[in-house]
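Mapped onto my numbering, the consecutive letters of the sequence shown carry residue numbers 2 to 470.
Idealized CB from N, CA, C, for every residue including glycine.
Shown next, in structure tokens, is the structure this report addresses.
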Amino acid sequence: MIQPIIIAGGSGTRLWPMSRKLYPKQYLALAGEMSMLQETLKRLEGLDADPPVIVCNEEQRFMAAEQMRRMGLEDVTIILEPEGRNTAPAIALAALHAVQADRDPLLLVLPADHLIDHQQAFHAGIQNAQVLAEQDRLVTFGIVPDKPETGYGYIRKGESLGDTGFCVSGFKEKPDAARAQTYLNSGDYLWNSGMFMFRAQKYIEALERFQPDIIKTCKAAMENGSQDMNFIRVDKKIFLTCPDDSIDYAVMEKTDAAAVVPLDAGWCDVGSWTALWEISAKDDKGNACKGDVLALDTSNSLIMADSRLVATLGIEDLVVVETKDTVLIASKDKAQHIKSIVKELKARDRTEHITHREVFRPWGSYDSIDIGGRYQVKRITVKPGAKLSVQMHHHRAEHWVVVSGTARVTNGEKSFLVTENQSTYIPVGQVHALENPGTIPLELIEVQSGSYLGEDDIVRLEDRYGRVE
2 MIQPIIIAGG SGTRLWPMSR KLYPKQYLAL AGEMSMLQET LKRLEGLDAD
52 PPVIVCNEEQ RFMAAEQMRR MGLEDVTIIL EPEGRNTAPA IALAALHAVQ
102 ADRDPLLLVL PADHLIDHQQ AFHAGIQNAQ VLAEQDRLVT FGIVPDKPET
152 GYGYIRKGES LGDTGFCVSG FKEKPDAARA QTYLNSGDYL WNSGMFMFRA
202 QKYIEALERF QPDIIKTCKA AMENGSQDMN FIRVDKKIFL TCPDDSIDYA
252 VMEKTDAAAV VPLDAGWCDV GSWTALWEIS AKDDKGNACK GDVLALDTSN
302 SLIMADSRLV ATLGIEDLVV VETKDTVLIA SKDKAQHIKS IVKELKARDR
352 TEHITHREVF RPWGSYDSID IGGRYQVKRI TVKPGAKLSV QMHHHRAEHW
402 VVVSGTARVT NGEKSFLVTE NQSTYIPVGQ VHALENPGTI PLELIEVQSG
452 SYLGEDDIVR LEDRYGRVE
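What follows is the structure, given as structure tokens:
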């Protein structure tokens with residue numbers, strides 16, 4: 002049986018400002034109506050496979066669960082990494098989870114941030130990989146190149162393994178333009194996709210041979226972890242001692258069991274804004290636009306508007322991306338270097354690379370509409386049946402005005418309903434909670450006032466989502 006493993010960590014810094022640390026690209030609907038994580042899950046339909054296992058960051062757990070819930074996937078196991086340690090440990094956690102169930106499935110390892118146009122060709126490639134994996138091969142998928150791409154690593158094909166694939170002759174780092182053209186002309190090279198298939202136990206054995214510290218640490222982290230609903234939490238203190246290494250460096254470049262299956266299925270890893278422009282539908286001027294865009298005398302550009310009208314005039318070959326709190330304007334040929342902006346934001350101790358103005362929580366979301374020296378205004382949306390934690394603040398008071406729906410408010414010893422156009426006041430230090438008892442979303446405006454308004458001034462006393470320290 003095939004066990005899909007979806008690797009949903011990572012921050013996607015080259016797609017800033019849409020992709021950020023707490024809301025990375027795999028959870029965004031960049032190329033359609035569904036997020037890339039949802040597209041990855043949908044791509045599995047029609048395979049004879051077990052329900053997928055997701056490996057993601059602790060901070061992203063509720064986004065992953067909510068997106069799967071919207072697809073009707075309620076009971077998917079989610080393994081939580083307290084901090085990313087690259088792909089080799091992430092896959093090790095999933096492999097250990099699989100063998101703990103007294104079985105040894107074929108793991109189909111898929112990053113959550115890829116797009117594939119041709120599902121039938123993708124499934125055919127999986128069937129070829131399955132043949133080789135059942136022969137104890139460690140299989141990777143190599144994308145048949147259609148241009149001299151410098152943004153991907155390459156795999157050199159070795160001896161043929163029949164109709165299914167090839168031995169791996171070697172892995173190559175991202176080449177310069179001349180070498181990439183040589184690779185393309187030879188016909189011997191494939192793009193390294195980062196997708197794999199192998200038996201869980203074979204991967205564990207490979208780590209025991211080539212990177213014993215990784216598998217030893219992951220075993221200890223799993224054994225000392227805990228389970229909360231569908232979430233598997235590994236031991237944080239132990240896992241943070243795990244070496245940071247990719248599966249390529251840790252295993253695939255060292256093993257003599259590596260095989261590669263060519264895949265020609267319209268694959269793209271959407272690794273930059275230029276890559277997104279290339280795969281997007283365009284107007285007769287070569288522009289790919291999303292949102293409220295007015296493009297005049299504009300050509301060959303990517304223009305994305307998130308919250309307002311974006312108008313362009315007399316530009317070409319640009320990337321323009323607008324969010325509620327930032328605007329990016331970049332030359333398309335510099336799109337691979339946008340991570341340098343993220344690096345500079347970190348150096349300046351800013352937060353725009355970490356989170357959006359609108360922040361998603363397991364109970365809903367909040368949008369910081371305005372902020373000043375001693376006040377902050379938020380628009381809060383609470384999902385039907387959801388409840389925020391029972392909490393208090395040391396430094397701020399809160400005023401709540403219900404815009405739509407009905408709120409059940411706990412304010413000290415009192416509990417009461419607040420309906421549309423009504424308000425209530427939460428004093429500094431008061432224990433309080435907010436719940437939506439209705440069947441429609443609860444919308445309210447929150448005005449915070451006080452000497453400190455940071456999110457770390459929340460003392461949680463009870464929480465149905467397991468967030469009490």
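Residues bridged to residue i [DSSP beta-bridge criterion]
| i | result |
| --- | --- |
| Val400 | Checking the sequence shown, residue 400 turns out to be His, not Val. Answer is Tyr426, Val448. |
| Glu82 | Asn58 |
| Leu435 | Val410 |
| Asn193 | Gly143 |
| Arg157 | Gly171, Tyr190 |
| Ile459 | In the DSSP output, where bridge partners are listed per residue, Ile459 has none listed. |
| Arg21 | Tyr24 |
| Tyr376 | Ser450 |
| Gln228 | Ile233 |
| Ile304 | Cys290, Val321 |
| Lys415 | Asn412 |
| Ser12 | In DSSP, Ser12 forms no bridge with anything. |
Contacts around residue i, its chain only, beta-carbon distance under 8 Å, and the 5 residues preceding and following it disregarded
| i | result |
| --- | --- |
| Gly226 | Ile233, Arg234, Val235, Asp236 |
| Gly413 | Gln431, Val432, His433 |
| Ile441 | Pro385, Ser405, Gly406 |
| Ala289 | Leu277, Trp278, Ser281, Ala282, Lys283, Ser302, Leu303, Ile304 |
| Ala93 | Tyr204, Ile205, Leu208, Ile215, Ile216, Cys219 |
| Cys243 | Arg86, Pro90, Asp214, Ile215, Thr218, Cys219, Ala222 |
| Pro106 | Met2, Ile3, Gln4, Asp51, Ala99, Arg200, Ala201 |
Distance between beta carbons of residue j and residue i, contact taken as under 8 Å
| i | j | result |
| --- | --- | --- |
| Leu191 | Tyr155 | 7 Å |
| Thr382 | Ser366 | 5 Å |
| Ser308 | Tyr376 | About 22 Å; that fails the 8 Å criterion. |
| Ser170 | Gly163 | At roughly 17 Å, the Cβ-Cβ gap does not stay under 8 Å, so Ser170 and Gly163 are not in contact. |
| Glu82 | Glu46 | Actually they are not in contact, since the Cβ atoms of Glu82 and Glu46 sit about 27 Å apart, beyond 8 Å. |
| Glu353 | Asp326 | 6 Å |
| Pro18 | Thr313 | With 8 Å as the limit, Pro18 and Thr313 do not qualify as a contact, their Cβ atoms being about 17 Å apart. |
| Gln212 | Asp246 | 6 Å |
| Gln128 | Arg44 | Wrong, their Cβ atoms sit about 14 Å apart, outside the cutoff. |
| Lys333 | Asp318 | 5 Å |
| Gly292 | Ser300 | About 19 Å; that fails the 8 Å criterion. |
| Arg409 | Glu436 | 4 Å |
For residue i, three-class secondary structure by DSSP
| i | result |
| --- | --- |
| Asn186 | helix |
| Trp278 | helix |
| Ala331 | strand |
| Asp368 | strand |
| Tyr28 | helix |
| Leu38 | helix |
| Leu389 | coil |
| Asn129 | helix |
| Leu319 | strand |
| Cys219 | helix |
| Tyr204 | helix |
| Val383 | strand |
| Ser341 | helix |
| Ala50 | strand |
| Ala113 | coil |
| Ile239 | helix |
| Tyr250 | helix |
| Val311 | strand |
| Val100 | helix |
| Leu108 | strand |
| Arg358 | coil |
| Pro5 | strand |
| Pro90 | helix |
| Met198 | strand |
| Pro149 | coil |
| Ile363 | It is worth fixing the name first, because residue 363 is Pro in this sequence and not Ile. Pro363: coil per DSSP, three-state reduction. |
| Ala258 | coil |
| Leu162 | coil |
| His176 | Reading off the sequence shown, one finds Pro at residue 176, where the question assumed His. The answer is coil: DSSP assigns Pro176 none of H, G, I, E or B. |
| Ala296 | strand |
Close Cβ partners of residue i (< 6 Å) along its chain, the five nearest in sequence each way excluded
| i | result |
| --- | --- |
| Pro363 | Phe63, Tyr466 |
| Ala221 | Ile239 |
| Phe1 | In the structure as shown, the chain starts at 2 and stops at 470, and residue 1 therefore has no counterpart that could be examined. |
| Phe197 | Val110, Thr141 |
| Ser12 | Lys22, Pro25 |
Close beta carbons around residue i, own chain, < 7 Å, minus the five adjacent residues each side
| i | result |
| --- | --- |
| Glu529 | Given that the chain is displayed from residue 2 to residue 470, the structure contains no residue 529 and the question cannot be resolved. |
| Leu508 | Nothing can be reported for residue 508: it is not among the residues displayed for the chain, which extend from 2 to 470. |
| Thr275 | Lys333, Ala336 |
- Item | Cβ contact (3+ pairs, closer than 8 Å) linking the stretch 386-403 and the stretch 420-431 | As far as the Cβ criterion goes, the stretch 386-403 touches the stretch 420-431, which means the pair count is three or higher.
(request) Could you tell me whether the stretch 28-39 touches the stretch 67-84, using the rule of 3 or more Cβ pairs below 8 Å? (result) Yes, the stretch 28-39 is in contact with the stretch 67-84.
Touch check for the stretch 148-168 and the stretch 108-119: three-plus C-beta pairs under 8 Å?
Judged by Cβ distances under 8 Å, the stretch 148-168 makes no contact with the stretch 108-119, as fewer than three pairs qualify.
Given 8 Å, three or more beta-carbon pairs between the stretch 333-341 and the stretch 405-423 | Put simply, the stretch 333-341 does not touch the stretch 405-423. Fewer than three CB pairs are less than 8 Å apart.
Stretch-stretch touch, CB-based, cutoff 8 Å, three pairs: the stretch 131-144 with the stretch 246-261: The answer is yes - the stretch 246-261 touches the stretch 131-144, with three or more Cβ pairs under 8 Å.
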